[in-house]
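Asker: There's a structure below that I have some questions on.
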């Protein structure tokens, strides 16, 4: 585990692949393999199976394990596999160990789902996972606005704590947190995708997550390169193009988040549109909207190439 | 599966036992057995292992299974064992099947934890579980204010859908929901314990959950019997006595919820105070408050008898 190297590797786009299902709801592993190869073929170098876009909470533990193995088999040399792990500490560690066996070098730790949490308990949760998985980089998926810089600082004693996937939609809090914990020590990844990346960048973001890369990587890389060059005008040009698609995903309290991506992938012939409960397919009335948005974005064929 | 009988059985207090841990964090199964026997010895006839007070989200799947077996072994004839099940559908069903083997007659379905949910998906999630476990009563743990009566009505086609553990802190919404779905078809259980039971009762609640019964059952039964008799004055007398204890549990966004119960049980010599991340023990400064509250409530010794 080379913590500094992992921090550097995370300064890019982290793809969150969908988990394709057959119409009967079982995982379509061949399609999964294709999806990952397509994303990596489009230039992506960090892949997170078992993220929210992958319907982590609708997968069994065994399916999570297999998703990491398929991902690791589909990516080539030099690609960082950083699966999501979560649930109770023992299960998170077990998922991490299997991921390590599959070839993962880091894990993204889903936020603890316990309805009651304390500051000390939050730190203890992540510390226990970091300690049990010393050979893996640890990247907490931070969605709770009550997590303070002091709590994150306590985790910096673990050399394998290499980054934060920050997903609280508040750029001021993000910037203050980066400043308080240290910009250099960790990779600060915008965990709210292209929609928030330009607004997290001034505060110290060095990369962002993406579900959009399931469809097309060129737009996301255009945004990344623009941000890396400090060209906010160009980054916001991409942002404006992508915004209607993200708005459709956000509809009905984000119930559309994954279904819209899968509907688009279905229309592009990449994989099926099936999702698992507690989400459901895009309503018929909105399928035409997906078609129109793909047209507007210039995404037509499953080549993973430019728009 | 006799749905009508289960509806009747749920018209009481549903105890949510804590899961006692050794100081090293492993489950203390002997203490677990004692805790359940104590609760049942105090007159409780519905027991829910693997609830939130049992730190469900900090238990591994194997520990959840064992908790049901220990519970089933500790309760006598005529006690309804209704464990919490949850996570993805396949895992919820697997937990339910093992519970059935252990002797459970119903399951409380923890709310789906997927960050994105649709109305259809919510219904499909519970329908899939109800269909896969036809011999068990199904009681959704409802904490999401976006769940509508129409969604619940769609589930009533399943004969094993026998009740709702309602935990949205809004008595108006509760009452409207009961009226819209039907007061008689289901057992409407206040899922917010003694603190909310008197306010849910006018709208149709017929029972309530309780963590307090881990310490003492007499106060909870006094409230239940008062409510059943329509004696709100007496029920509110109990409510006022218990309120300071519930307030202490609610402190720091309810981070104290389980730790305060376990601290009290520790002081009473029932089991250890250890909790698992992401929660942590009651801060030293508040331990004396727990002692004082036990004194005020008249709870002194681990006899499970009256105050």
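Chains as they are written, first to last, in the numbering used here: chain A, 72 to 378; chain B, 72 to 378. For glycine and all other residues, C-beta sits at the position ideal for the given N, C-alpha and C. Small disclaimer: the values here were computed from a predicted structure and weren't measured.
#1: When DSSP labels each residue in this structure, what does residue 247/A get in the three-state scheme?
#2: Quick one, are the C-beta atoms of residue 119/B and residue 84/B less than 7 angstroms apart?
#3: Would you list, in sequence order, the uninterrupted alpha helix (DSSP H) runs of no fewer than 4 residues that lie entirely inside the region 156–234 of chain B?
#4: Starting from residue 162/A, find everything on chain B with Cβ-Cβ shorter than 8 angstroms and list it in chain order.
#5: Helix, strand or coil, according to DSSP, for residue 342/A in the structure here?
#6: Cβ of residue 84/B less than 7 angstroms from any chain A Cβ?
#7: Residue 375/B by DSSP, collapsed to three states: which one?
#8: Please classify residue 101/B: is it buried, with 16 or more other beta-carbons within 10 angstroms of its beta-carbon, or exposed?
#9: Taking only the alpha-carbon atoms, compute the straight-line gap between residue 283/B and residue 327/B and give it to the nearest angstrom.
#10: Could you check how far apart the C-beta atoms of residue 166/A and residue 132/A are, in whole angstroms? I think they sit under 8 angstroms.
#11: So if I threshold CB-CB distances at 9 angstroms, which residues from the region 326–348 of chain B count as touching chain A?
#12: Have a look at residue 193/A and residue 323/B and give me their C-alpha separation to the nearest angstrom.
#13: Using only the alpha-carbon positions, how far apart do residue 236/A and residue 261/B sit?
#14: First and last residue of the beta strand (DSSP E) that includes residue 110/A?
#15: Touching or not, the region 355–364 of chain A and the region 151–166 of chain A, by the rule of three or more beta carbon pairs under 8 angstroms?
#16: Taking the beta carbon of residue 296/A as the centre, do at least 16 other beta carbons fall within 10 Å, making it buried, or is it exposed?
#17: Please return the same chain residues whose Cβ sits closer than 7 angstroms to the Cβ of residue 140/B, not counting the five positions on each side in sequence.
#18: Below 7 angstroms on C-beta distance, what does residue 281/A contact in chain B?
#19: In or out: residue 94/B buried (at least 16 other Cβ within 10 Å) or exposed?
#20: Between residue 331/A and the rest of its own chain, which residues show a CB-CB distance below 7 angstroms, the 5 nearest in sequence each way excluded?
#21: In chain B, which residues lie with their C-beta within 8 angstroms of the C-beta of residue 183/A?
#22: Taking contact to mean at least 3 C-beta pairs separated by less than 8 angstroms, is the region 217–231 of chain B in contact with the region 177–196 of chain B?
#23: Look at the Cβ atom of residue 281/A, then the Cβ atom of residue 264/A, and state whether they are nearer than 7 angstroms.
#24: Over the uninterrupted alpha helix (DSSP H) stretch that includes residue 74/B, give me the two end residues.
#25: Rounded to whole angstroms, what is the Cα-Cα separation between residue 285/B and residue 79/B?
#26: If you measure between the beta carbons of residue 278/B and residue 130/B, is that distance less than 7 angstroms?
#27: Check whether the Cβ atoms of residue 291/B and residue 274/B sit closer than 7 angstroms, and answer yes or no.
#28: Going by other Cβ atoms of all chains shown within 10 Å of its Cβ, with 16 needed for buried, is residue 317/B buried or exposed?
#29: If you count every other CB in all the chains shown that lies within 10 Å of the CB of residue 370/A, and 16 or more means buried, which is it?
#30: Could you tell me the alpha carbon to alpha carbon distance between residue 377/A and residue 113/A, rounded to whole angstroms?
#31: So with CB distances below 9 angstroms, who are the chain A contacts of residue 285/B?
#32: Grab the span of the alpha helix (DSSP H) containing residue 142/A for me, first residue to last.
#33: Residue 193/A touches chain B at which residues, Cβ-Cβ below 7 angstroms?
#34: Closest Cβ-Cβ distance between residue 159/A and chain B: below 7 angstroms?
#35: Below 9 angstroms between beta carbons is the criterion; list the residues of the region 99–111 of chain B that meet it against any residue of chain A, in chain order.
#36: What is the residue span of the beta strand (DSSP E) that residue 92/A lies within?
Answerer: Short version:
#1: helix
#2: no
#3: 160–173, 190–203, 220–226
#4: For residue 162/A, the residues of chain B that pass the 8 angstroms Cβ criterion are 131, 132, in the order they occur in the chain.
#5: coil
#6: no
#7: Residue placement at residue 375/B is poorly supported in this model, since its pLDDT is 45, which falls under 50; the coordinates still yield a value, given next. Residue 375/B: coil per DSSP, three-state reduction.
#8: exposed
#9: 13 angstroms
#10: Right, their Cβ atoms sit about 7 angstroms apart.
#11: 326, 327, 328, 329, 330, 346, 347, 348
#12: Between residue 193/A and residue 323/B, the alpha-carbon positions lie close to 13 angstroms from each other.
#13: 37 angstroms
#14: Taken as a continuous stretch (DSSP letters only), residue 110/A belongs to no beta strand (DSSP E), being part of the alpha helix (DSSP H) at 100–112.
#15: No contact exists between the region 355–364 of chain A and the region 151–166 of chain A.
#16: exposed
#17: 173
#18: Among the residues of chain B, none has a CB under 7 angstroms from the CB of residue 281/A; the nearest is roughly 16 angstroms distant.
#19: exposed
#20: 319, 320, 353, 361
#21: Those are 128, 348, 349, listed as they occur along chain B.
#22: yes
#23: yes
#24: 74–80
#25: 23 angstroms
#26: no
#27: no
#28: buried
#29: buried
#30: Bear in mind that a pLDDT of 36 at residue 377/A, under 50, signals an unreliable position, so the number given afterwards is only what the model happens to contain. Rounded to the nearest angstrom, the two C-alpha atoms are 9 angstroms apart.
#31: In chain order: nothing, as chain A lies at least about 15 angstroms away.
#32: 132–145
#33: Under the 7 angstroms cutoff, chain B gives 349.
#34: yes
#35: Within the region 99–111 of chain B, not one residue has a Cβ closer than 9 angstroms to any Cβ of chain A.
#36: Taken as a continuous stretch (DSSP letters only), residue 92/A belongs to no beta strand (DSSP E), as it is neither H nor E.
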